[in-house]
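Everything on this sheet refers to the single structure shown next.
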Amino acid sequence: MKVLVTGAAGSIGRVVCLGLTDRGHDVVGLDRLPQPSGEDGPWYALDCTDPDAVDAVFAEQSLDAVVHLAGHPGEANLPDSLTSHVVTTGALLDAMVAHDVRRMVYASSNHAVGRTPRRDLVGVDARPRPDTFYGVSKVAAEALLSLYVDRYGIDAVACRIGSFLPEPETVRNLSTWLSHDDCVRMVHAGLTATAPGFAVLYGISANTRAWWDLEPGRALGYEPEDDAEAWADRIRPSPEDDWDAAHVGGPYATATFERPALDRPSA
């Protein structure tokens, strides 16, 4: 399968590109940054907010699927968040429809439901409850995917990623961790699942203390193998642990973000 990976120079992108290549996929990288030193294969340095540039990539490459990882990974103001996560997704979806590419795997986020109070195993049926503008943009991008699945009959899998880290670092991570290897397994499952339509899964490893239900992912063929519990004896409790566990979005759910100044006409 020839797969376009956006955000290919990022922390998740580099792991996914290597992992998909190891699994026999042909990977085409796309990022605003140049191709990292020591890596090879087709590469496009451009911004996914430019629909003409995105379309030109699709016209040049005969793609089978898109893994969309590009986007600012933290909180920003609302216009910038929507541009980074929704406008880019729309440009890619339009190019997919124009060039008959039938599958997208999308890096959504646990922050789409981040204000959900902690309870046993939050499912994909939980109502959207974003904790930030970042979370709002992920909810909107998922809605856009759903629209294109219904309107054009493509397949799209939204992966609500938890804490993508080499190893868990906090007590919260013991519930939310996504290992590098499981991330590759998750993306590969999203690419190869049979006719998923529009589907959502939670992107975490097989954590003993998991906060999110892994069954929707398993139904698509995602079988995580790692467990954050293997690091539990190395993690010291912190005064922030109870606060981090109050909502599934952790510190994002209760953080105070600076409100951007509004441009106002002079009196």
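Numbering (UniProt numbering), first residue to last: 1 to 267. Yeah, the Cβ is synthetic: ideal placement off N, Cα and C, and Gly gets one too.
> Counting Cβ pairs closer than 8 Å, one from the segment 145 to 152 and one from the segment 233 to 249, do we hit at least three?
Replying inline: no
>> As a quick exercise: from 61, 74, 157, pick the residue whose alpha carbon is nearest that of residue 251.
In response: 74
> On the three-state DSSP scale, how would you describe residue 12?
Replying inline: helix
> Looking only at DSSP bridge pairs, what is residue 177 linked to?
Replying inline: 163
>> Using a 10 Å radius around the Cβ and a threshold of 16 neighbouring Cβ atoms, would you call residue 103 buried or exposed?
In response: buried
> Going by beta carbon distance, what residues of the same chain come within less than 8 Å of residue 21, once the five residues before and after it are set aside?
Replying inline: 27, 41
> Can you pull the DSSP bridge partners for residue 198?
Replying inline: 156
> In three-state terms, what does DSSP make of residue 251?
Replying inline: helix
>> Below 8 Å on the Cβ atoms is my contact criterion, and I expect residue 90 with residue 109 to pass it. Report the Cβ-Cβ distance as a whole number of Å.
In response: Their Cβ separation, rounded to whole angstroms, is 18 Å, which puts residue 90 and residue 109 out of contact at 8 Å.
>> Assuming the contact rule is C-beta atoms closer than 8 Å, residue 30 and residue 6 should be a hit. Round their C-beta distance to whole Å, please.
In response: 5 Å
>> In whole angstroms, give me the CA-to-CA distance for residue 39 and residue 19.
In response: 13 Å
> When the Cα of residue 60 is compared with those of 174, 44, 70, which residue comes out closest?
Replying inline: 44
>> Can you tell me whether residue 265 is helix, strand or coil according to DSSP?
In response: Reliability fails at residue 265, whose pLDDT of 34 lies under 50, so the model's placement of it is uncertain and the value that follows must be treated cautiously. DSSP places residue 265 in coil when its eight states are reduced to three.
> What residue from 201, 217, 229, 198 has the CA that sits closest to residue 172's CA?
Replying inline: 229
> From residue 239 to residue 169, what distance separates their C-alpha atoms?
Replying inline: 14 Å
> By Cβ distance below 7 Å, which residues in the same chain neighbour residue 220 in space, the five residues on each side in sequence not counted?
Replying inline: 157, 189, 190, 193, 196, 199, 201
> Thinking just about the alpha-carbon of each residue, which of 84, 114, 177 is nearest to the one in residue 248?
Replying inline: 114
>> So, for residue 264: in the same chain, excluding its five sequence neighbours on each side, which residues have a beta-carbon less than 6 Å away from its beta-carbon?
In response: In this prediction, residue 264 scores a pLDDT of 37, lower than 50, which makes its location untrustworthy; no coordinate-derived value is stated.
>> Just to confirm, is the Cβ distance from residue 78 to residue 133 under 7 Å?
In response: yes
>> Checking 7 Å against the spacing of the C-beta atoms, do residue 313 and residue 207 come in under that value?
In response: Outside the modelled stretch of the chain, which goes from 1 to 267, sits residue 313, for which no answer is possible.
> So, using beta-carbon positions, are residue 1 and residue 95 closer together than 7 Å?
Replying inline: no
> What is the residue span of the beta strand (DSSP E) that residue 82 lies within?
Replying inline: First-last for residue 82: 78 to 82, but that is the alpha helix (DSSP H), not the beta strand (DSSP E).
> Apart from the five residues just before and just after residue 145, which ones in its own chain have a Cβ nearer than 8 Å to its Cβ?
Replying inline: 89, 93, 104, 106, 156, 158, 198
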